[in-house]
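For reference, the structure discussed in these notes is given below.
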Amino acid sequence: MAETALKKRSPFIEFVSKATSSAGLTIIFTIIIAIVATVVAGPFTLLNAIVTGGMWALLAAGLSLVFGVMNLVNFAHGEFFMIGGLTAYYVFTPISAYLKENPSPFLTALAPFAGIIAATIVGALVGIVLEKLVFYQLRKRTKEQWVMNSFLLTVGISVIIINGVQIIWGTNYKGITSYWDAKPLEVLGVFISVDRIVVFGIAMVTMAIFWYFLQRTTTGRAIRAVSQDETGAQMVGIDLNRIQVLTLALSSALAAMAGASLLFMFPSYPTVGLKPLYIAWYVVILVGLGNVAGALVGGFIVALLQTLTGYFIGVTWDDVIPTAFVMLILLIRPSGLFGSEVKGVHEQ
Amino acid sequence: MRLKRYTLVAMFIILALVFAGCAQATPEPAEEPAGGEPAGVEEPAEGKVFTIGVLGPFTGPSARTGEEFRTSSEMALEAIDYTIGDYTIEVVWIDSQSDPEKATRAYEEAIVQDGVQAGAINWHSSVSVAVMEVTAKHKVPHFFGFGATEVVNEKFESDPEKYGYWTSKGWPTPVKLTVGYVEALEGAIAAGVWTPESKTVAIYGEDTDWGRSFGEGLAGQLEEVGWEVVDRQYFPIEQTEFYPTLNSFKDQGVALVAGTSTAPPSISAFIKQADEVGLESLIIADGLGWVGEWYDLTGDASNYVIDQIPGFASDAAKEFAAAFEEKSGLQPSPSSGGLSFDGMNFFIKVLQTTYADFGELSKETVYQTVQDKVWTGELTYTAEDGAIVMQEYNFSDPPDPIVGGDYYTFPVLQYMDGDQVYIFPESIAESDLMVP
Amino acid sequence: MTQNSSVKYTYEEQEPIERIKRLAKKFGISPVGLLSLVILLILPFIPPFNQEHLLRWLVGAALIAAQTIAFDFTTGYINVVNFGFAAFLGVGGYTSALLAVNFGISPWIGIFLGVIPSAVLGFLTGILTLRLRGIFAALMSWFVGLALLGLTRNLTELTRGPLGLNAPTFLETASNRPYFYIIVAMMMVTYLTLRWITNAHYGLAFRAIGQNIDAARASGINPTYYRVFNFTLQCAFAGWLGGFYAHYYGILTPALMATSHTVEVLAISYVGGRGSIWGGAFTAFPFVFLIEFLRSNLTELPGLHLILYGLLLILVMIFYPGGVAQVYDTIRDRITNRSPQNQSAAAD
Amino acid sequence: MLKVSEIDAGYGFLQVLWGVSLEVHEGEFVALVGPNGAGKSTTLRTIAGLIEPMAGEISINGDPIGGMPANLVIKEKGISYISESLNLFSDMSVEENLLLGAYTIRDKAQQKESLAFVYDLFHRLAERKSQLAGTLSGGERKMLAIARGIMSNPDLLLVDEPSLGLAPNLTHDVFQALLKLRDQGVTILLVEQNVNTTLHITDRGYVIEKGQIIMEGASKKLLNNKHVQAAYLGI
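Residue numbers (the working numbering), protein chains in the order written: chain A, 109 to 456; chain B, 1265 to 1700; chain C, 3 to 350; chain D, 11 to 245.
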């Protein structure tokens, strides 16, 4: 039998077969590009891609998860990013103003986390409210053309959030100089601010926790079960409503966390979410909808692509080139580089 | 049953929509433009109203600048109690949203819908060029628009008859001002204060008329005195990630990085990230100081950065700044709050003159005054009249103001620990060029 | 003889009426529709609509109406949302404007020449999205739109990028009334053409593909042909209307091609009712008036009108997916079916 | 134990079942047979709560469950449903699939016990516990589906067409497994097209045609029925 044969292959052969799969080829190809770029343009490209890629991964993981589990193509994902930044701004700024009056090195180092955690919580709450108020209502009424209809709902939600925030908080840029007031660190001759390094750390730790949660806990397993087979999940007694609320909450919390973490680079204003949304989509299309682990690699690839475009061609093009690349992927492999057939591709 | 109920609900929505549409049909003449003075101020006995439009980026990426325009315009108009002769001045705030197309639509609407007879102020050049079509079409004179670049002048000169309605610019073409940078830098090199390894410069800027005109203007002047332009990068106005650009500048080892952006998040991100990646070049960031809170956004990353803005030097200017801050809670910047205050006051002076001469305010009479008195240099606005930023605004060579020591000029300065240190011209210089 | 002639007389009497009826049906003209058109045509002379600013709104509404017709032709029939719709509008507009600016070609000719690149790009996009279904086709068209937007923004030599491209207007007049008749004529051409096509066997084929592409293929419909044909035609009309936009407003910026513009058309088209062709157009007028009314009166609350957009879209999607068109159908059915019933009920 | 009375059910506007009634008693192994499209699977799906019945009532041990969502039926009523398409989580390992089968059991020790029991029953699954479910062979997948179904210690097992697409020897294995379960005291309602084999191993049977039960009785009896012989056994 085929699978027995596969099982008996030597580790080497297995490695070769993995490496020549499209996922493997992509990774190898990316590594080669990264190395070449590093040689040509210096270690900066690699470091920048890694540090930026971490955040994109966080953003894309949520988007991917929500598609996998709820079959929801979320156009409002960038708005969670924006809400995250906004929350962090309103939590962090007063605290840091207070700490300027009453200096405390320990609290000063911790204050940014207060902002980021608050943003994550607010993000999760927004997700829960939206699921209960909007998506659940649609699901209850009609399941026909769910993917398209729910997508349009997210378009509506996006418009409402953007303009609601504009009315309440105005269009002004709410930004900060930096979270941690420290000299940039030098890595391989490249200077990287403490903010970016810590934020990269946050992204990686979060991804690791997230991965562990999905792989090793009962609830995480249930989430994956729903994404793979909804009926099967119901058959083993999983409460779909609960999982769906949880998934949207998780996804929006991750996006909000990314928004909060990047506040020093993306000041919060109503339409700030558009670019992160594009990027999250690039990543997700690249690695395949519903593939959470792949988001990490995808985030890196997109960041590398952007960095190289920005470096060699010019920053104005750092949207166009990745767009073209992602279109190509969508054309050649609609299910993404790492994806197997994903449900929803064939839904009309 | 359910279907019926939904039908009813939907029909109700449609009816509501139709009614709302028709409700607008009845014009509401007494309606106050948003943000204007309270309705009670109006003197009902006279009832003569002259409607002016103030054009600015009240929302969008440059909303902060728009906010300053709004506040200073209000201050200028409050000083005359919104009256000129027996006319009550009504203001329509025309939001350009920093977008030429939206600005065009908004301006046209303000004219046909709200009856705007004359306009003032404006921020971007791209907006100016677009809106000039509207002012030409409706023959509405517009005063003191800030869009600075050559395209505005070119369009003005291409058909002064038609585009003359864009009567004057609140800001001369960048080339007239950028020469200050070149002189300051060349002076420092000649004096041995600054010894760059090579005379190489990288130009950057926001991708607008302003950014490109400034960048190319400065590039040309630098090239004339022996500089080599090794890179040019123009980016979207909302761009906040510059790591690739800055690293590329760094790798090219340029001595000078020079450019501009009018959007505070963008220019502050540029300065912060330049500091972060360890860019050693001297940086000209034209426009960093245009918002009052530049130091809050950049911190000490702004040290040694060169900029060119006027200051609030006179007592009147300082008084204005204090009053401004009290009114809006924002620190005014001389180049947006200050200049627009002067511009608005000049505009009021034009209206007052028109009223004195013709006894009537209309778009025709205002334009006649501009032609007869402003463009001839007869009517100017000087420090004695109350100008707080420049010595004298003189439009005898329209559309630009006359540039020079006694007229309109910007000093060059460097930022240091949150302070502005003037380095050029020598008459006011507090220090030599500082090199890190 | 007399008998004979009287028979001939009635025959002649009937034939033209029947023929007109048949023709009317073919082009989707109903008495109610005709009445609406007549009202629309005399509207610019009825106070208060004869005021310039209301005429402007009328022009804007008619332009949106025409766009929703073209939009629904694809969305409502082959069930593919062209999320890059606005970009095709921009392509047509830019082409016509550039021809006028650089070669002095009259806008009246230019708007027809602008159709060509739009149609070609639509054709290519149609082919690109062919293999993709549902949401993936929407994503692909979205990316095409983003790429076109990016190109327009970056090819500054040609388009002047964000500086905005001034286009000569159709007429040297400050009055909006002539423009209103131009756009209403364009709207009617769009409507009649697309209605004629959907009422022919093409409509059936589109719907079959839209509902189940495999079943359609099995019953001998060539989905490739119909989908590409549909997409091309939609984009051609979009380009044509873009030409009007350019020569009416007189200024083009890449912002015209942004997703938010597509969302606007999409929202009205969906509220109007999918698959009806006329629903969106009918809805556009009250809708645009309401939105403009709110926008110009609530400047203290910028963006409130857009919130209403989003809200209405969500409410319609969840509670009344049929939209305005279904309301009309329900009422019509009630009237035509109920009247005899009512009589019998009265007899009881 | 399970009592289905007079249910109508279907998909959207398409009604499939017309007044179906059947009963399964504690410890029984009952068959529901009939031709393709007769409504066998729909009956099971309705019992499992995946389809809401349009009319009629389903009760378990006297409690009505009509309209209860599937996950609650499974959790609270001790029913397990094994669908014909299996609905395995194909990107998860065999063991993860099994653990999800015990999703409703929060007690880890009990989960372990179930796992041991299942591995004992299906040795092949124990050998392949870390392999992805999607890579299993057809027979193994059926085994896994059944094993996942009994992980929650159900009182009643609903099995839909386990022989579908299997080679005869594998079918035999599957049926043997079901018999083993019956011997363990699990009540089973089996839906099958393979009438002959089914009626040989079950206690009782129902014959469904065009959405209606047309016959019921002891399996042996049904085997001797003329209509059954003619329509299904080819005699």
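Beta carbons are placed, not taken as given, at the ideal position from N, Cα and C, and that holds for glycine.
For a cut-off of 8 angstroms, the C-beta gap from I191 of chain A to V234 of chain A is around 6 angstroms, short enough to register as a contact. Residue pairing from DSSP places E1492 of chain B in a beta bridge opposite B:T1464. The beta carbon of P1460 of chain B lies closer than 8 angstroms to those of I1453, A1519, L1520, L1546 in the same chain, with the five residues before and after it left out. Nearest C-alpha to Q1485 of chain B among B:G1444, B:G1456, B:R1496, B:D1473: B:G1444. Listed along chain A, no residue sits closer than 7 angstroms to K220 of chain D by beta-carbon distance, the nearest being about 25 angstroms off. Along the stretch 123 to 151 of chain C, the positions whose C-beta sits under 8 angstroms from a C-beta of chain A are L130, R133, L134, R135, G136, I137, F138, A140, L141, M142, F145, V146, L148, A149, read in chain order. Annotation note: the stretch 266 to 348 of chain A contains the following uninterrupted beta strand (DSSP E) runs of length 3 or greater, listed N- to C-terminal: 293 to 295, 298 to 300. Note on H185 of chain A: 16 or more other CB atoms within 10 angstroms of its CB, so buried under the neighbour-count rule. Annotated three-state conformation of P288 of chain C is helix, per DSSP. Taking a contact to require three or more Cβ pairs closer than 8 angstroms, the stretch 1416 to 1424 of chain B and the stretch 1346 to 1359 of chain B do not qualify as touching. As DSSP reads the structure, I1547 of chain B sits in a beta bridge with B:V1521. Distance from the Cα of L199 of chain D is smallest, within the candidate group D:R192, D:V169, D:R138, D:N206, for D:V169. Rounded to whole angstroms, the gap between the alpha carbons of L261 of chain A and M319 of chain C is 7 angstroms. DSSP places G1383 of chain B in the strand class (E or B) of the three-state scheme. A residue is called buried when at least 16 other Cβ atoms come within 10 angstroms of its Cβ; V307 of chain A meets this threshold and is buried. Secondary-structure assignment with DSSP links F1420 of chain B through no beta bridge to anything.
Here F1410 of chain B is actually not in contact with I1573 of chain B; their C-beta atoms are around 13 angstroms apart, not less than 8 angstroms. In the DSSP assignment, E1690 of chain B falls outside any alpha helix (DSSP H) and carries neither an H nor an E. Around D1696 of chain B, the same chain offers V1457 as residues with beta carbons nearer than 6 angstroms, after the five sequence neighbours per side are excluded.
Minimum Cα-Cα distance from G37 of chain D among the listed residues D:V104, D:A241, D:L189, D:V14 corresponds to D:L189. In terms of beta-carbon proximity, G297 of chain A stays away from the interface with chain D, with every pair separated by 8 angstroms or more.
Put simply, the backbone Cα of N201 of chain C is about 34 angstroms away from that of F47 of chain C. Look at V30 of chain D here: in three-state DSSP terms it is strand. Shown here for G20 of chain D: same chain residues with a beta carbon closer than 6 angstroms to its own, the five before and five after excluded, namely V26 in chain order. Listed in chain order, the positions of the stretch 159 to 171 of chain A with a beta carbon within less than 9 angstroms of a beta carbon of chain C would be empty, since no residue qualifies.
Short of 8 angstroms from the beta carbon of T1335 of chain B, and not among the five residues preceding or following it, lie these beta carbons of its own chain, in chain order: F1588, K1591, S1592, L1594, P1596, G1601. The stretch 131 to 199 of chain A contains, as complete alpha helix (DSSP H) runs of 4+ residues, the segments 151 to 178 (chain order). In the structure shown, the three-state DSSP call for D73 of chain D is strand. Residues of the same chain with a CB within less than 8 angstroms of the CB of L115 of chain C, apart from the 5 flanking positions on each side, are T97, S98, L101, I107 in chain order.
Ranked by how close their Cα comes to the Cα of Y1619 of chain B, the residues B:F1605, B:V1634, B:P1689 have B:V1634 in first place.
For the pair A145 of chain A and T138 of chain A, the CB atoms are not nearer than the 8 angstroms cut-off.
Taking a C-beta distance under 8 angstroms as the contact criterion, Q1516 of chain B and A1466 of chain B qualify as a contact pair. The alpha helix (DSSP H) runs lying completely inside the stretch 161 to 220 of chain C and spanning 4 residues or more are 179 to 201, 203 to 213, 215 to 220, given in chain order.
DSSP, reduced to helix, strand and coil, places L1677 of chain B within a strand of the structure shown. The C-beta of F105 of chain C has fewer than 16 other C-beta atoms within 10 Å across all chains shown, which makes the residue exposed.
In terms of Cβ geometry, Y1671 of chain B and E1656 of chain B form a close pair [threshold 8 angstroms].
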